[in-house]
Amino acid sequence: DQICQVLTHLGYIEGEKPTAQGKILTKIYAESDLLLTEAIRRGVLDELNAPELLSVVSTMIFESRNADNVAPKMPSPRVSSALADVISIWAELEELETEYGVKTQRQPDAGFCWVSYRWANGNSLQSVLKGTDMSVGDFVRSTKQLSDLLNQIAGASEKLRPVCKDAVKRIDRGVVAFLMGDL
């Protein structure tokens, strides 16, 4: 199977058994699971604080509804740098998957970086959504997905666990906390 060949090439499985890195991959349930696991493995997320981490991780769950191709505003130089690394890893994975005839990775989408970063830093919902075409429902849904993924990362990476837990606390407030139980 081509996907197993990709995972073997990257060192996630040996034969039919997962390696230590493969065990991290088994704890991530997202469309961009391999990309995220590679970013964790390479230490791309290690130096980020909670708002920066969730901003970068948001690129792996968010899909913009419009195709404007306008470069989204970046919250900080560290987010920009980490995101550049993530995109570089994505390009490597794309090339490798093409070699093996599979496609599992979607290109990271930075459309939620700034919004999620501002929300994590305590800004109001009104100010966070101002100037975007995002509805409150889309915001809450995306934030819930982000929270779920951060909890998965916390379960997969002992090193990132404290910052992930902090990130979840920062975004689980206001309308998000009120509505997250209903989604």
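Each number in the numbering used here corresponds to the 1-based position in the sequence shown with 796 added. Just so you know, even glycine gets a beta-carbon here, dropped at the ideal spot from N, CA and C. Because the structure is a prediction, the values reported are computed rather than measured.
Exercise for the section: Alpha carbon to alpha carbon, how far is residue 929 from residue 891? Give it in angstroms, no decimals. Expected result: 33 Å
* To do: Would you list the one or two residues that DSSP bridges to residue 809?
  => 814
Considering only residues of the region 902-967, which uninterrupted alpha helix (DSSP H) runs meet the minimum length of 4 residues and lie entirely inside it, listed in chain order? Within the region 902-967, the complete alpha helix (DSSP H) runs of at least 4 residues are 909-916, 921-925, 932-952, 957-967.
According to DSSP, simplified to helix, strand and coil, what is residue 897?
coil
Inset, instruction - Return helix, strand or coil for residue 978, following the three-state DSSP convention. - result: With a pLDDT of only 49 at residue 978, under 50, the local geometry of the prediction cannot be trusted, and the value read off the model is given with reservation. Here residue 978 sits in coil by DSSP.
Figure out for me which residue from 843, 830, 814, 851 has the closest Cα to the Cα of residue 907.
-> The residue with the shortest Cα to Cα distance from residue 907 is 851.
Q. From 902, 919, 797, 818, pick the residue whose C-alpha is nearest to that of residue 807; which is it?
A. 818
Exercise for the section: Provide the residue span of the alpha helix (DSSP H) that contains residue 828, from first to last. Expected result: Residue 828 -> no alpha helix (DSSP H), and no H or E assigned at all.
* To do: Could you pull out every residue in the same chain whose Cβ sits closer than 6 Å to the Cβ of residue 953, ignoring the five residues on either side in sequence?
  => 836
- Coarse secondary structure for residue 996, derived from DSSP in three states: Residue 996 falls outside the range modelled here, since the chain spans only 797 to 979, and no answer is possible.
Local Cβ density within 10 Å of residue 939, reported as buried at 16 or more and exposed below that
buried
Q | Proximal residues to residue 971 (C-beta, below 7 Å), its chain only, five neighbours per side dropped | A | 921, 932, 936
| task | May I ask you to check if the CB of residue 874 is nearer than 8 Å to at least one heavy atom of the ligand ATP? | result | Here there are no bound small molecules, and the ligand ATP is not part of this structure.
Enumerate in chain order the residues of its own chain whose CB-to-CB distance from residue 848 is below 8 Å, with the five nearest sequence positions on each side excluded. Non-local beta-carbon contacts of residue 848 in its own chain, meaning distances under 8 Å to residues more than five positions away in sequence, involve 871, 872, 874, 875, 878, 913 in chain order.
- By Cβ distance below 7 Å, which residues in the same chain neighbour residue 827 in space, the five residues on each side in sequence not counted? 902
Checklist entry - Which residues in the same chain have their Cβ closer than 6 Å to the Cβ of residue 965, if we skip the five residues on either side of it in sequence? => result none
- Item | Top-ranked residue by Cα proximity to residue 888, from 975, 830, 963, 916 | 830
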